[in-house]
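Undergrad: I have a structure I would like to understand better, so I am pasting it below and will then ask my questions one at a time.
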Amino acid sequence: MRRLRAGLLGRLPAWARRFLPLLLAVVGVSAGLSVSVFLTDQPIYAGEPSPRTVVAPDLIRIEDPEATDRARREAADLIEPVLVDDPEAKAAIVQKVRDVFAAVAEVREPAADGQTASARDQRSALAQRLPDLQVDRVQALVALDDETLASVSAETLSIAQQLARQRIPAERLETATEEQLRTELAVRSFPEGVAETVVEPVIRSASQPTVIVDDEATVAAQEQAAAAVSAVTRSFPAGAVVVSAGEVVDAVQLAALRQRGLEGAEPWREAAKAIVLAIVLTLAVAAYLRAYRPRVWSSWSRLVLLSCLFIGLALIVEAVTLLAPTAAAGWGYLLPAGAIAMLATILFDPPVGVLSVIPTVVIVAFAEPGEGGVVAFTAIAGLLSVPLVSRLSARGDLRRAAWQSTLAYVALAGLCAAVFNDLATVRLALLAGLANGVLVAMLVNTSLPFLESLFGVVTATSLLDLADRNHPLLRELEQKALGSYNHSIMVATLCERAARAIGADALLASTAALYHDIGKVRRPWFFVENQFGIANPHDDLEPGVSAVIIQEHVTDGITMARSHRLPPEIVDGIATHHGTTLVSYFHRKALAAAAASGGEVDEAHYRYQGRRPASREMAVLMLADCCEGASRAAAQHNRNLSRKQLEDVVRSLIADRVDDGQLDASALTFAELKTVTASFIDTLVGVYHPRIAYPDPVAPTLNPESVEP
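Those letters in the sequence shown? Residues 513 to 1221, by this note's numbering.
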């Protein structure tokens, strides 16, 4: 499969190889985000039957405009019209009574010739002057004597004045007039028949409303009363059905759905939005990788892996959305966003892990619109997850990260639910946070080995597995080449300390060191560290043959590593730990033999056919390998090897590698090289320090007297 993939990709230009993973990300993420749209997210319209049942994710309160308007109209209708006094009407009442008695007085006056008008003429004159009154009733006043008429006039005018002082609206005019007459007539004295026949008709004809409606004040009072009425709301508790399938949707239900983004949309429109979102996210991530993570950008498999992570995220988000329709009521905090951040950190590095949080948050916000709590939880949980797995150096680190993240998710889910949702949601959010931590741990632990194997990515967990001394290759090295095994252990220690000192990947360097000499198990006795009590087989071989045997431990190691499916980084450590250096011991032997015989020596024959280190970790491995071997040999020849002598050995070997150009491709700086040198010296001095020469034990002397005969 790898050969087929390499063959197909090898025919494509570089831009096309980069384009394929990006296209995969766009298609995969947009398709993942569109699943729920086509399956269950059919649009809902007001006045039409709902295509699906929708449950309130949390408490929804929505204003009912029709009910609110109705309540406000009712409150306004309860306001009585604002009435104000009408001075003109009050004056008109009194004036009309005066006019009646003035007309009577005028009719009673004799004419210029001293003749009193006949009853008929008086009647006609009164009819003209008082058209609103029955003449028969008023005419009775004409027959009264002056004193009685004056008394009746004064009393009637007083009644009119009292009536004018009352606040009488139009609708109470008749009632108020009757009440006032009843009251006044009960306390006043009139000639017999005058009150009923004259006073009452006069007052009734003169009465009119004394107040009028102030339209502006009335409208203002009604508006104030309406404004005092609170908006009428309809509530849908968490888990309550907002609208059932087949139910005709009213405006309030649709508004409630829109408030939570549950009204759905046209599938193709939402799919188009998902495609645009996927394109923007992919281009943004690609731009970052190209500028700041060239190692990831240049690796086709790593780009595909990162694309698969985001596709998996989109599918998981959609799955939670489909299976947990009450997501925002607490189950939304079940989204395992931290798993993507953890996987990106472990599979790549912490900066890529932090980068992965951004598209994760955007994807969750797209799938859960309006759910600020879930989006905030996703962002913070993702950022918290990165440092928990950024420095894995032991198997227990991943387990510790699992329970630490679980505690963090529980607290964070409860906090976000309390801030963004109601208190009733907090309990469910706490449970969802706990389940989230368990789910993240399961996803990371189950998917990590699969992704490592499928994409050939070396992670801290895979390196920890390889660093297990019970690995078959290490067991074989221990059994067949114990000296090389011990040397590898020591080199691993040197690499770990030095790599950590310069900020390189200490776990990768030390693990590669454990396997760098596994090729020696093929012919262990040809290497001096494994020659225990046997003659050196090289004594009987030509230097050129011995050099080939020594060189072959590199190619043998590469073959064994690949047969055991060791990751490329470990194979690279085996291939580069000698670089293209000389097998100096046998090269010098060949030069000496050639000088004696007058022949020539091909230096290329005595150089390793490997590659020079291309990373800091592999450069540290090369230097640690030669320094440990030379220091061990120096310590064997000089039991009291001083620190100065050990420093000279280390510095000389490192200088030789630098002068030979072996570190040119490793990106190791001179400052880092100085730090590595100091680390090697400190470690080697601790191992090969001078030792006290203990005297031989002296046989005890027996007392002759104590010996029995």
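Yeah, the Cβ is synthetic: ideal placement off N, Cα and C, and Gly gets one too.
Would the beta-carbon of L1006 fall within 7 Å of that of E1140?
TA: Yes; because the gap between Cβ atoms is below 7 Å, this pair is in contact.
Undergrad: Where does V1119 fall in DSSP's three states?
TA: The amino acid occupying residue 1119 in the given sequence is Arg; Val does not appear at that position. Of the three classes helix, strand and coil, the one that applies to R1119 here is strand, per DSSP.
Undergrad: Looking at A1004 and A1011, is the spacing between their C-beta atoms short of 7 Å?
TA: Not in contact: A1011 and A1004 (Cβ atoms no closer than 7 Å).
Undergrad: Which value, in whole angstroms, describes the spacing of the CA atoms of E759 and R564?
TA: Taking the straight line from one Cα to the other gives about 9 Å.
Undergrad: In whole angstroms, give me the CA-to-CA distance for P561 and Q765.
TA: For P561 and Q765, the distance between alpha carbons rounds to 12 Å.
Undergrad: Count the other CB atoms, across all protein chains shown, that sit within 10 Å of the CB of T918; report buried if there are 16 or more and exposed otherwise.
TA: When all chains shown are included, T918 counts as buried.
Undergrad: Tell me the residue span of the beta strand (DSSP E) that contains R1269.
TA: For the chain, the structure presents residues 513 to 1221; residue 1269 sits outside this window and is missing.
Undergrad: Would you mind giving the Cβ-Cβ distance between R584 and A738, rounded to the nearest angstrom? I have them listed as a contact below 8 Å.
TA: 4 Å between Cβ atoms; contact.
Undergrad: Use the C-beta contact count for S1127: other C-beta atoms within 10 angstroms, 16 or more gives buried, fewer gives exposed.
TA: It is buried - the Cβ of S1127 has at least 16 other Cβ atoms within 10 Å.
Undergrad: Determine the contact status of L1020 and E1129, defining contact as a CB-CB distance below 7 Å.
TA: Yes, Cβ-Cβ distance for L1020 and E1129 is below 7 Å.
Undergrad: Measuring alpha carbon to alpha carbon, tell me which of E1081, P1055, F748 ends up nearest T1023.
TA: Closest by alpha carbon: E1081.
Undergrad: How would you call A840, buried or exposed, if buried means at least 16 neighbouring beta carbons within 10 angstroms?
TA: Note that A840 scores a pLDDT of 46, beneath 50, so its modelled location is shaky; the value from the coordinates is reported in the next line. That one is buried.
Undergrad: Look up R746 in the DSSP assignment and say whether it is helix, strand or coil.
TA: Here R746 sits in strand by DSSP.
Undergrad: Residue range of the beta strand (DSSP E) that L595 falls in?
TA: Its beta strand (DSSP E) spans residues 595 to 597.
Undergrad: Pick out whichever of S810, I1014, Q1063, L935 has its Cα sitting closest to the Cα of F1038.
TA: Selected option, being the one with the closest Cα: Q1063.
Undergrad: Tell me which same chain residues have a C-beta within less than 7 Å of the C-beta of D1137, skipping the five on either side of it?
TA: Counting only Cβ-Cβ distances below 7 Å, and skipping sequence neighbours, we find V1003, H1028, H1089.
Undergrad: Drop a sphere of 10 angstroms on the beta-carbon of T745, count the other beta-carbons inside from all chains shown, and report buried for 16 or more, exposed for fewer.
TA: Burial call: exposed.
Undergrad: Looking at I852 and T872, is the spacing between their C-beta atoms short of 7 Å?
TA: Against a cut-off of 7 Å, the Cβ pair of I852 and T872 comes out as a contact.
Undergrad: So the candidates are G1173, L817, V938, I724; which of them puts its Cα closest to the Cα of E683?
TA: Closest by alpha carbon: I724.
Undergrad: Per DSSP, which residues does L976 bridge with? Please list them.
TA: Looking at the DSSP assignment, L976 forms no beta bridge with any residue, so it has no partner.
Undergrad: Residues bridged to L1094 by DSSP?
TA: L1094 is bridged to R1119.
Undergrad: Ignore the nearest five residues each way along the sequence and tell me which others in A707's own chain have a CB closer than 6 Å to its CB.
TA: For A707, where only same-chain residues beyond five positions count, the Cβ hits under 6 Å are L697.
Undergrad: Within the same chain, show all residues whose beta-carbon is closer than 6 Å to that of H999, passing over the 5 residues directly before and after it, in chain order.
TA: Excluding positions up to five away in sequence, the list reads E1041.
Undergrad: Measure the beta-carbon distance from F613 to S665 and round it to whole angstroms, keeping in mind my assumption that it falls under 8 Å.
TA: The pair is a contact, with the Cβ atoms about 4 Å apart (cut-off 8 Å).
Undergrad: Measuring alpha carbon to alpha carbon, tell me which of L940, L859, T1092, V886 ends up nearest S902.
TA: Closest option to S902, Cα to Cα, is L859.
Undergrad: Output needed for E667: all residues of its chain with C-beta closer than 6 Å, excluding positions within five of it in sequence on either side, in chain order.
TA: Around E667: R700.
Undergrad: In terms of alpha-carbon separation, which member of L571, V654, L535, S811 lies closest to Q771?
TA: Nearest option by C-alpha distance: L571.
Undergrad: Identify, in the order they occur along the chain, each residue of the same chain with its Cβ nearer than 6 Å to the Cβ of A790, setting aside the five sequence neighbours on each side.
TA: Closer than 6 Å at Cβ, skipping near neighbours: V538, V541, S542.
Undergrad: Give me the Cα-Cα distance between F531 and V797, rounded to the nearest whole angstrom.
TA: Rounded to whole angstroms, F531 to V797 spans 13 Å at the Cα level.
Undergrad: Which class does V1003 belong to by DSSP, given the choice of helix, strand or coil?
TA: V1003: helix per DSSP, three-state reduction.
Undergrad: Decide if V788 is buried, meaning its Cβ has at least 16 other Cβ atoms within 10 Å, or exposed.
TA: Its Cβ having fewer than 16 others within 10 Å, V788 is exposed.
Undergrad: Do the stretch 979 to 997 and the stretch 1156 to 1168 touch if we need at least three Cβ pairs shorter than 8 Å?
TA: Taking 8 Å as the limit for Cβ pairs, the verdict is that the stretch 1156 to 1168 does not touch the stretch 979 to 997.
Undergrad: Which of the three DSSP states is assigned to A839 in this structure?
TA: Because the pLDDT of A839 is 44, which lies under 50, any placement of that residue in the model is unreliable, and the number read from its coordinates should be weighed accordingly. In this structure, A839 counts as helix in the three-state DSSP scheme.
Undergrad: CB G865 to CB T857, shorter than 7 Å?
TA: Against a cut-off of 7 Å, the Cβ pair of T857 and G865 comes out as a contact.
Undergrad: Please return the same chain residues whose Cβ sits closer than 7 Å to the Cβ of D1084, not counting the five positions on each side in sequence.
TA: Result list for D1084: M1130, in chain order.
Undergrad: Put V755 into one of helix, strand or coil per three-state DSSP.
TA: It is a strand residue.
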